[in-house]
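S.K.: The structure is given below, and queries will be raised subsequently.
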Amino acid sequence: METIRLAIQAKGRLNEESIALLADAGISIEESKRKLLAKSGDFPIEVLYLRDDDIPQAVSMGVADIGIVGLNEVAEKPYEVDVVHKLGFGGCRLSLAVPKAEQYDSPKWFDGKRIATSYPKILERYFKENGISAEIHEIAGSVEVAPLVGMADAIFDIVSSGGTLVKNGLVEVVKVMDSEAVLIANKQMSAEKKKIVDQILFRFSAVERSKGMKYVLMNLPCDKVDEAVKILPGMKSPTILALAQEGWCSLHVVIRDSELWEKIEGLKAIGAEDILVLSLEKMIL
Ligand code: PRT
Ligand code: ZN
């Protein structure tokens, strides 16, 4: 049988969540981060551990068939890959930031300025699209200190909480793109490998769907079922089973975490009893 090769980050911000997502999807990887390549015992997949910078190229060349990497790396690198699915973790944005003492009014401010970044290609495209001519200085790390040491007038970097900018006396002025971890794929994959990718995506969707949901069971007088359904609008119609005790029904429903207490209070108010809230592991439609 065909095996698919997945590249993930060897260490860093996306490593743990990539492995956790695979585990939730029933794909466990032999635990050894020092090895470059690891197999899964329960799924036709091999995991290749790489630096995130190398993942788009590895996938585009077919060294790996698919990869998990930040969209920012895909956008920066000149390699052609398919972005197959957004994975909902590693969220951040790429933004321009200036020293807080600057009188910044519009992106025209960047004309003639020196900007330090590790993402020169994305920035170049942004400047080009907006008719700005600035000097882009590519530096590998600690971009945020460049203005302090006089190496640049402003920076273009990844921001998530914004704490790093504040610590370095910088203010975010333009968000150029949003990023998150994505699943990328080689453009020329065999039909058989594509089938495995579809299988992985099917599992990822089941995991995603169950995130933030609870499975709730309760007993309720049967004549209150219509009212209960009104309290739970927007959800698929609940499962209702008759109980041995005459006039009583058991109601099963999936409720979003954020609405859980409000819905339960509403259901209690119309006579629901013996309410069980269970965690929901997978939701397969
Ligand atoms: O070794 P390797 O090359 O594989 O890793 P790396 O050091 O290049 O990348 P790594 O592990 O730092 O990040 C991997 C990916 O995580 C990035 O490509 C992004 O897609 C994503 N990501 C999400 C982030 C952040 N959030 C983030 N906050 N990457 C970097 N940061 C940096 C940011 O630049 C800032 O300096 O973290 C700092 C803290 O951010 P604030 O705004 O929360 O203060
Ligand atoms: Zn990197």
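Per my numbering, residue 25 is the first one in the sequence shown, and the count goes up by one each step.
C-beta atoms are modelled at their ideal positions from N, C-alpha and C, and glycine is treated no differently.
Computed from a prediction, not measured in an experiment: that's the story for all the values here.
1) How would you call Ile90, buried or exposed, if buried means at least 16 neighbouring beta carbons within 10 angstroms?
2) I'd like to confirm something about Asp181: is its beta-carbon nearer than 7 Å to some heavy atom of the ligand PRT, or not?
3) Would you tell me roughly how many angstroms separate the C-alpha atoms of Lys63 and Val107, rounded to the nearest one?
4) For Gly386, does the count of other Cβ atoms within 10 angstroms reach 16, so buried, or fall short, so exposed?
5) Kindly indicate which three-state DSSP category Gln223 falls into: helix, strand or coil?
6) Say the cut is 7 Å; is the CB of Asp202 nearer than that to a heavy atom of the ligand PRT?
7) Among Lys59, Ile69, Asn39, Lys35, which one has its Cα closest to the Cα of Ile51?
8) Three-state secondary structure (DSSP) at Val87?
9) State the DSSP-derived secondary structure class of Gly236, mapped to helix, strand or coil.
10) In three-state terms, what does DSSP make of Gly94?
11) Between Leu291, Leu147, Pro80, Arg280, which lies nearest to Ser303 when the distance is taken from Cα to Cα?
12) For the beta strand (DSSP E) that contains Tyr150, what are its first and last residues?
13) Looking at C-beta atoms only, is the number of pairs between the region 193 to 201 and the region 110 to 123 that lie closer than 8 Å three or more?
14) What three-state label does DSSP hand Pro131 in the structure shown?
15) For Asn154, does the count of other Cβ atoms within 10 angstroms reach 16, so buried, or fall short, so exposed?
16) Sorry if obvious, but does the Cβ on Arg37 come closer than 7 Å to a heavy atom of the ligand ZN?
M.R.: Well, looking at it:
1) Residue numbering aside, residue 90 sits at position 66 when the sequence shown is read from its first letter. Counting Cβ neighbours within 10 Å, Ile90 comes out buried, since at least 16 surround it.
2) Taking the first residue of the sequence shown as 1, we reach residue 181 at position 157. Under cutoff, so the answer is yes.
3) Position 39 of the sequence shown, counted from the start, is the residue given in the question as residue 63. Position 83 of the sequence shown, counted from the start, is the residue given in the question as residue 107. Cα-Cα distance, rounded: 24 Å.
4) Residue 386 lies beyond the residue range present for the chain, which begins at 25 and ends at 309; the question has no answer from this structure.
5) Translated into positions along the sequence shown, residue 223 becomes position 199. If DSSP states are grouped into helix, strand and coil, Gln223 belongs with the helices.
6) Translated into the one-based positions of the sequence shown, residue 202 becomes position 178. Every heavy atom of the ligand PRT is 7 Å or more from the Cβ of Asp202, so no.
7) Residue 51 sits at position 27 when you count from the first residue of the sequence shown. It is Ile69 whose Cα lies nearest to the Cα of Ile51.
8) Taking the sequence shown and counting its residues from 1, the one referred to as residue 87 is at position 63. Looking at Val87 - three-state DSSP - the assignment turns out to be coil, as it is neither helix nor strand.
9) Residue mapping note: residue 236 aligns to position 212 of the sequence shown, counting from 1. Gly236: coil per DSSP, three-state reduction.
10) The residue labelled residue 94 in the question sits at position 70 within the sequence shown. Strand, per DSSP.
11) Your numbering for residue 303 matches position 279 in the sequence shown. Closest by alpha carbon: Arg280.
12) The count along the sequence shown starts at 1 and reaches residue 150 at position 126. Not the beta strand (DSSP E): Tyr150 falls in the alpha helix (DSSP H), residues 144 to 153.
13) yes
14) As a position in the sequence shown, residue 131 is number 107, starting the count at 1. Pro131 falls in the helix class under three-state DSSP.
15) Reading the sequence shown from its first residue, position 130 is the one you call residue 154. It counts as exposed.
16) Taking the first residue of the sequence shown as 1, we reach residue 37 at position 13. No - the ligand ZN has no heavy atom lying nearer than 7 Å to the Cβ of Arg37.
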